[in-house]
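Comments concern the structure below.
In this note's numbering, the protein residues as written are 4 to 158.
As structure tokens, this is what we get:
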């Protein structure tokens, strides 16, 4: 058996995503979202706080295809979480515009529920380990982002 930790780590990260997604799906029923929809809203809020990104820009940050982001965004648009608007400068591009409904995540009840969820997920993990995990994860994401091919096709 190999001493290389990478295969086990790669497998474990996928399983971790499955567990986290399931738990988020359970908690998001209160606002009628799936974890994938919530993640797109979180990506838009975090990486584009003062702008409306194109589908292609959002897909690059979300880590999936433009078509996948469009499908998720269409569901969010039907529920009033965002609008998909044509880019005024380039009619081929579509922009994702968050609606005021996103403010629900800043309500005291949902902030508290989020804090309690994070406390439960990371219970017993020492702060130095959390900081190392944060740095490792953000570094890994940055490396993966750097490996992406240039987006092709219309936005």
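Think of the CB as a built atom: it goes at the ideal place given N, C-alpha and C, for glycine as much as any other residue.
What you are looking at is a predicted structure, and each value in this text was computed from that prediction instead of being measured.
Exercise. Rounded to the nearest angstrom, how far is the Cβ of residue 107 from that of residue 34, given a contact under 8 Å?
Worked result: 6 Å
For this session: Enumerate in chain order the residues of its own chain whose CB-to-CB distance from residue 86 is below 7 Å, with the five nearest sequence positions on each side excluded.
Result: The residues are 80, 100 and 102.
Problem set entry | Closest residue to residue 2 among 58, 44 and 59 (Cα-Cα distance) | Residue coverage of the chain in this structure runs from 4 to 158, which leaves residue 2 outside it and unanswerable.
Exercise. Among 17, 91, 144 and 39, which residue has its Cα nearest to the Cα of residue 55?
Worked result: 91
Problem set entry | Three-state secondary structure (DSSP) of residue 129 | coil
Exercise. Which residue comes first and which comes last in the beta strand (DSSP E) that contains residue 97?
Worked result: In the DSSP annotation of this structure, the continuous segment of the beta strand (DSSP E) that includes residue 97 starts and ends at 97–101.
Exercise. What is the rounded straight-line gap between the Cα of residue 13 and the Cα of residue 75?
Worked result: 26 Å
For this session: Quick one: grab the DSSP three-state call for residue 89.
Result: In the three-state scheme derived from DSSP, where H, G and I count as helix and E and B as strand, residue 89 is classed as strand.
For this session: In the DSSP assignment, find the unbroken alpha helix (DSSP H) run with residue 24 in it and report its ends.
Result: 9–31
Problem set entry | Distance between beta carbons of residue 47 and residue 38, contact taken as under 8 Å | Their Cβ separation, rounded to whole angstroms, is 15 Å, which puts residue 38 and residue 47 out of contact at 8 Å.
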